[in-house]
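Trainee:
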Amino acid sequence: MSILVVGSVAFDTLETPSGRRERVLGGAATHFALAASFFTKVRVVGVVGEDFLPEHEAVLTSRGVDTTGLEHVPGRSFHWSGSYMRDLGAADTLVTDLNVFADFAPKIPTSYLDSEYLFLANIDPVLQTRVRAQMPGVRMVAGDTMNYWISAHRENLLKVMRELDVLVINDNEARMLSGESNNVRAAKGVLELGPKSLVVKYAEHGSASFFSQRSFGDGEPHKPFRAPATPTEEVVDPTGAGDSFAGGFYGYIASQERLTPEVFRRAMFYGCVLGSLSVEDFGTERLQRTTREEIDRRFEDLREISHL
Ligand code: AMP
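Following the numbering used here, the numbering of the sequence shown begins with 1273 at its first residue and continues without gaps.
1. Just reading off the alpha helix (DSSP H) that valine 1345 is part of, what are its end residues?
2. Measuring CB to CB, does threonine 1417 end up less than 9 Å from valine 1432?
3. Using 9 Å as the threshold, is the C-beta distance between serine 1481 and arginine 1537 below it?
4. Using the Cα positions of proline 1500 and alanine 1308, report the straight-line distance between them to the nearest angstrom.
5. Determine contact between the segment 1318–1326 and the segment 1570–1578, defined as no fewer than three beta-carbon pairs at a distance below 8 Å.
6. Applying the 10 Å Cβ sphere with the 16-neighbour rule, what's the burial state of glutamine 1400?
7. Does the beta carbon of tyrosine 1420 fall short of 8 Å from some heavy atom of ligand 1?
8. So that I know if they touch, is there some Cβ in chain B lying closer than 9 Å to that of valine 1317?
9. Is the beta carbon of serine 1349 less than 9 Å from the beta carbon of phenylalanine 1304?
10. Compute the Euclidean distance between the alpha carbons of serine 1450 and phenylalanine 1497, then round it to the nearest angstrom.
11. By how many angstroms is the C-alpha of asparagine 1444 removed from the C-alpha of valine 1507?
12. Any heavy atom of ligand 1 closer than 8 Å to the beta-carbon of asparagine 1371?
13. Tell me the DSSP secondary structure of alanine 1480 in three-state form.
14. Consider the C-beta atom of histidine 1328 and the heavy atoms of ligand 1; say whether any pair is separated by less than 8 Å.
15. Taking DSSP as the reference, what is the three-state secondary structure of proline 1397?
16. So what does DSSP say about phenylalanine 1324, is it helix, strand or coil?
17. Could you check where the alpha helix (DSSP H) with glycine 1298 kicks off and where it finishes?
18. DSSP on phenylalanine 1373, reduced to helix/strand/coil?
19. In angstroms, rounded to a whole number, what distance separates the CA positions of alanine 1374 and cysteine 1544?
20. Is the closest heavy atom of ligand 1 to the C-beta of histidine 1303 under 8 Å?
21. For valine 1367, count the other beta carbons within 10 Å of its own beta carbon; 16 or more makes it buried, fewer makes it exposed. Which is it?
22. Less than 9 Å separating the beta-carbons of alanine 1363 and proline 1493?
23. In angstroms with no decimal places, state the Cα-to-Cα distance between threonine 1302 and phenylalanine 1324.
24. Within a Cβ cutoff of 6 Å, which residues of the same chain sit near arginine 1434, ignoring the five residues on either side of it in sequence?
25. If we ignore side chains and look at the alpha-carbon of each, how far apart do serine 1479 and lysine 1473 end up?
26. Is asparagine 1419 buried or exposed, if buried means 16 or more other CB atoms sit within 10 Å of its CB?
27. Is asparagine 1428 closer than 9 Å to aspartate 1396 when the C-beta atoms are compared?
28. What are the boundary residues of the beta strand (DSSP E) that includes valine 1413?
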């Protein structure tokens, strides 16, 4: 099984209480792809500039990620800078240099057309819709978004919502999308916009899933579920935690033959595990030195602390 992910591949300048890093490899598609690569084959569609060197691409390819769809064009790669000095839970965006990302027109290589799973990472919803339309045969579509698209491009975003089997967002985004401040009402409000299911991430408080129809995936009834988060003592850099969660979650689903309620719930645990690993170092550093054994150990620990 393979997942096609479309999204940003970037350089990030990061400032956290643990230190500062200039232009390290980042981007939603990068974090997602690395996390999902522990479970299944991942194919990336994105765009980078001349500053994106073979050593950067090797971070992805050394984990088996297919970068055929990573377009190299003249100019500089997307650059984002964020600071967590005020609040470790929410980045203050200092710089967003779109650079080559400004004219991004996703092109799907022929060799990607048989991908069974599609992940629409956080990009312009018009592009998300366009990619979705080019992949009519996929088994499942999941996606993410962010506050900017919710507030300034709502109409376009609503079109994407109706295409999604799973929307994976954080609690702030769920509240913004629905206009509801209560978490349960927010989830209901989001489901009314069209996604068949919703996974809400509550950072260090875990995640929850909600379903618009009881019959989902392989037709078995799904019920709301709450997964805990791995207790983490030190958060070095929260950047990419959400995308790593999504990668662990969706990667696990893609690695399983059937989408049963049990598989969906286990996937949420794997999402938490990948998110918790990713924050332990800057950028992609921690996931680059992770092993599947370590992931499975953390999964078991999480199970132990949360089961009667
Ligand atoms: P998160 O998982 O939400 O922490 O995602 C962080 C990643 O999103 C960073 O590596 C950034 O490069 C990327 N990013 C930040 N702003 C944007 C944007 N406007 N569009 C696409 N990607 C972005």
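The beta carbon of each residue, even a glycine, is placed where N, CA and C say it ideally should be. All figures in this text were calculated on a predicted structure; none of them were measured in a lab.
Mentor: In brief:
1. Careful: valine 1345 lies outside any alpha helix (DSSP H) and carries neither H nor E.
2. Taking 9 Å as the Cβ cut-off, threonine 1417 and valine 1432 qualify as a contacting pair.
3. A contact, by the Cβ cut-off of 9 Å.
4. Computed Cα separation, rounded: 20 Å.
5. When Cβ pairs closer than 8 Å are counted between the two stretches, the segment 1318–1326 is seen not to touch the segment 1570–1578, the count staying below three.
6. By the neighbour-count criterion, in which a residue is buried when 16 or more other Cβ atoms sit within 10 angstroms of its Cβ, glutamine 1400 is buried.
7. Closer than 8 Å to some heavy atom of ligand 1: that describes the Cβ of tyrosine 1420.
8. Although the question refers to chain B, the structure presented lacks it and comprises just one protein chain.
9. No.
10. One alpha carbon belongs to serine 1450, the other to phenylalanine 1497, and they sit about 20 Å apart.
11. For valine 1507 and asparagine 1444, the distance between alpha carbons rounds to 20 Å.
12. False, no ligand heavy atom lies under 8 Å from that Cβ.
13. Strand.
14. Distance from the C-beta of histidine 1328 to the nearest heavy atom of ligand 1 is not below 8 Å.
15. Here proline 1397 sits in helix by DSSP.
16. The three-state secondary structure of phenylalanine 1324, taken from DSSP, is coil.
17. DSSP places glycine 1298 in no alpha helix (DSSP H) but in the uninterrupted beta strand (DSSP E) bounded by 1291–1298.
18. Of the three classes helix, strand and coil, the one that applies to phenylalanine 1373 here is helix, per DSSP.
19. A direct Cα-to-Cα measurement between alanine 1374 and cysteine 1544 gives close to 32 Å.
20. Yes, the beta carbon of histidine 1303 sits closer than 8 Å to at least one heavy atom of ligand 1.
21. Exposed is the call here.
22. For the pair alanine 1363 and proline 1493, the CB atoms are not nearer than the 9 Å cut-off.
23. Looking at the two C-alpha atoms, the distance is approximately 13 Å.
24. Taken in chain order, the residues that qualify are Gly1466.
25. Those two C-alpha atoms are separated by around 4 Å.
26. With fewer than 16 neighbouring CB atoms inside 10 Å of its own CB, asparagine 1419 falls in the exposed class.
27. With contacts defined by Cβ atoms closer than 9 Å, aspartate 1396 and asparagine 1428 form a contacting pair.
28. 1412–1415 is the span of the beta strand (DSSP E), which, as asked, contains valine 1413.
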